[in-house]
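Going by the numbering used here, the first residue of the sequence shown is number 250, and it counts up by one from there. All remarks here apply to the structure that follows.
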Amino acid sequence: MSARPSALLNTSLAGLALASPLVLAAGTAGVLAESADILDLSRIGAVVTKSITPEPRTGNAPWRVVPERAAMLNAIGLANPGIERFMREYATLAGGLACKVIASAAGFSIDDYERVVRGFAAEPALAAVELNVSCPNVHGGTEFGADTGALRELVSTVRRVWENRPLIVKLPPVTIGTPAGIVDLARTAVESGADALTLCNTIPAMSIDPATRRPRLASVTGGMSGPAIHPIITRLVHDVYQRFARDAKVPIIGLGGVSRWQDAASFILAGATAVGVGTGMFIDTRSPLRIIRGLERWAHEQRVSRISDLIGKLEAA
Ligand SMILES: Cc1cc2nc3c(=O)[nH]c(=O)nc-3n(C[C@H](O)[C@H](O)[C@H](O)COP(=O)(O)O)c2cc1C
Numbered sequence: 250m251s252a253r254p255s256a257l258l259n260t261s262l263a264g265l266a267l268a269s270p271l272v273l274a275a276g277t278a279g280v281l282a283e284s285a286d287i288l289d290l291s292r293i294g295a296v297v298t299k300s301i302t303p304e305p306r307t308g309n310a311p312w313r314v315v316p317e318r319a320a321m322l323n324a325i326g327l328a329n330p331g332i333e334r335f336m337r338e339y340a341t342l343a344g345g346l347a348c349k350v351i352a353s354a355a356g357f358s359i360d361d362y363e364r365v366v367r368g369f370a371a372e373p374a375l376a377a378v379e380l381n382v383s384c385p386n387v388h389g390g391t392e393f394g395a396d397t398g399a400l401r402e403l404v405s406t407v408r409r410v411w412e413n414r415p416l417i418v419k420l421p422p423v424t425i426g427t428p429a430g431i432v433d434l435a436r437t438a439v440e441s442g443a444d445a446l447t448l449c450n451t452i453p454a455m456s457i458d459p460a461t462r463r464p465r466l467a468s469v470t471g472g473m474s475g476p477a478i479h480p481i482i483t484r485l486v487h488d489v490y491q492r493f494a495r496d497a498k499v500p501i502i503g504l505g506g507v508s509r510w511q512d513a514a515s516f517i518l519a520g521a522t523a524v525g526v527g528t529g530m531f532i533d534t535r536s537p538l539r540i541i542r543g544l545e546r547w548a549h550e551q552r553v554s555r556i557s558d559l560i561g562k563l564e565a566a
């Protein structure tokens, strides 16, 4: 098998040409370019930056990452250098990377997001923006991902600032029974100007140490990621694809628990155009490259000429 991903893995996400469907998830690959030290990024489709806020943030007190069975809990609290330092010291590195860079924005008000995205717009090498409207680890971090009215206002405001490059909205893993279901949120994001969706952020969770009788995370609750959440997110990708994204032709980045090529392949079959890896890199820093090789073999065995031919190609049970 060739060292570079073959044309089999080339794909397009909302007009962005990607070398492969594999994306390094926000917050798990450094601020922007640190993963280049350990991975050959020419094989990766895109790296998503740490979520950037208007002001620098040190994040929550430790412990802010704890292991669980087949999962990880984190409550980093959006530690990041803030938009001004990000633009000065990090964004300028984007043009030198061998893959696309997607800039992630977070905030607590519409003005916050607007200020961050206005900053991003000054760097042509930032190929797309991902709006993190779903951080469970800061007060107010999920507000825009829980209410279709607030989401509509946010996305349409940002769309005016980020005009000609793809805009991606990263949704929380809301399930049936919550006030706004995931399909409503997806539709609202797209109607307000989003070109693509990332499904999903971490699942709100908590872990307790029986010996000390204390929560393991200093912030008490956090977000769960890793292999245990993969089937939950697969179902959300499937629902959004079947009930909205397929007909609306909106690409989805499936994100949650991918650590093997089989996980990535099942997201693609459920309807994802690209696949994110986050915690998988904490388990094995080289897992993205293993997953890419596995996807290449799988696409070959499935006798397709492009990996994108397999999007949503789930057979009946
Ligand atoms: C340590 C850590 C930091 C994260 N930071 C961010 C962040 O800054 N912005 C964001 O949108 N998601 C963040 N996430 C969520 C991931 O991008 C991803 O949505 C989640 O971990 C599920 O994918 P996984 O199971 O492959 O890790 C973070 C996750 C972890 C584990």
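All C-beta atoms, glycine included, are put in the ideal place defined by N, C-alpha and C. Computed from a predicted model, the values in this text were never measured in an experiment.
Sequence-distant residues of the same chain with beta carbon closer than 7 angstroms to residue i, five excluded per side
i: Thr307; result: Ala328
i: Ala252; result: At Ala252 the pLDDT is 42, less than 50, meaning the model places this residue with poor confidence; the figure from the coordinates comes in the next sentence. None.
i: Gly475; result: Ala319, Ala320, Met321, Gly506, Thr528
i: Ala285; result: Leu346
Close beta carbons around residue i, own chain, < 6 angstroms, minus the five adjacent residues each side
i: Leu290; result: Leu346, Ala347, Cys348
i: Glu372; result: Ala340
i: Arg436; result: Phe493
i: Arg318; result: none
i: Asp496; result: none
i: Phe393; result: Val382, Ala399, Leu400, Leu403
i: Arg465; result: Val315, Ser456, Asp458
Same chain, Cβ closer than 8 angstroms to residue i, five either side skipped, listed in chain order
i: Val410; result: Glu363, Val366, Arg367, Ala370
i: Cys384; result: Ser300, Leu327, Ala355, Gly390, Thr391, Asn450, Gly472
i: Ser255; result: Glu545
i: Val378; result: Ile351, Ala352, Ser353, Ala354, Val366, Phe369, Val407, Trp411, Arg414, Pro415, Leu416, Ile417
i: Val272; result: Ile293, Gly294, Ala295, Val296, Val297, Ile351, Ile502, Leu504, Ala523, Val524, Gly525, Val526
i: Met250; result: In this predicted model, Met250 has a pLDDT of only 46, less than 50, meaning its place in the structure is not dependable; the value taken from the coordinates is given anyway. Same-chain partners within the cutoff: Arg542, Glu545, Arg546.
Bridge-paired residues (DSSP) for residue i
i: Asn323; result: Val314, Gly472
i: Leu290; result: For Leu290, which the question treats as bridged, DSSP gives no partner whatsoever.
i: Leu375; result: Val350
i: Arg306; result: Asn329
i: Thr260; result: Leu267
i: Ile517; result: Paired residues: none, contrary to the question.
i: Ile301; result: Ala354
i: Leu273; result: Val296, Val526
Closer than 7 angstroms: residue i CB and nearest ligand 1 heavy atom
i: Val280; result: no
i: Ser515; result: no
i: Gly475; result: yes
i: Gly505; result: yes
i: Ala275; result: yes
i: Gly331; result: no
i: Ile481; result: no
i: Met321; result: yes
i: Cys348; result: no
i: Lys562; result: no
i: Val387; result: no
i: Asn450; result: yes
i: Ile478; result: yes
i: Leu538; result: no
i: Thr528; result: yes
i: Asn309; result: no
i: Ser456; result: no
i: Phe485; result: Looking at the sequence shown, residue 485 is not Phe but Leu. Incorrect: Leu485 has no Cβ contact closer than 7 angstroms to ligand 1.
i: Val489; result: no
i: Val365; result: no
i: Asn381; result: yes
i: Ser284; result: no
i: Leu400; result: no
i: Ser353; result: yes
Neighbour flag for residue i against chain B, beta carbons, 8 angstroms
i: Gly294; result: This model lacks chain B altogether; it includes just one protein chain.
Heavy atom of ligand 2 within 7 angstroms of residue i beta-carbon
i: Gly525; result: By its list of ligands, the structure shown excludes ligand 2, since it contains just ligand 1.
Start-end ranges of the beta strand (DSSP E) lying completely within the region 402–487, minimum 3 residues:
Listed in chain order, they are 416–420, 445–448, 452–455, 470–474.
In chain order, each alpha helix (DSSP H) run of at least 4 residues that lies wholly inside the region 482–561:
Whole alpha helix (DSSP H) segments, 4+ residues: 510–519, 528–532, 536–550.
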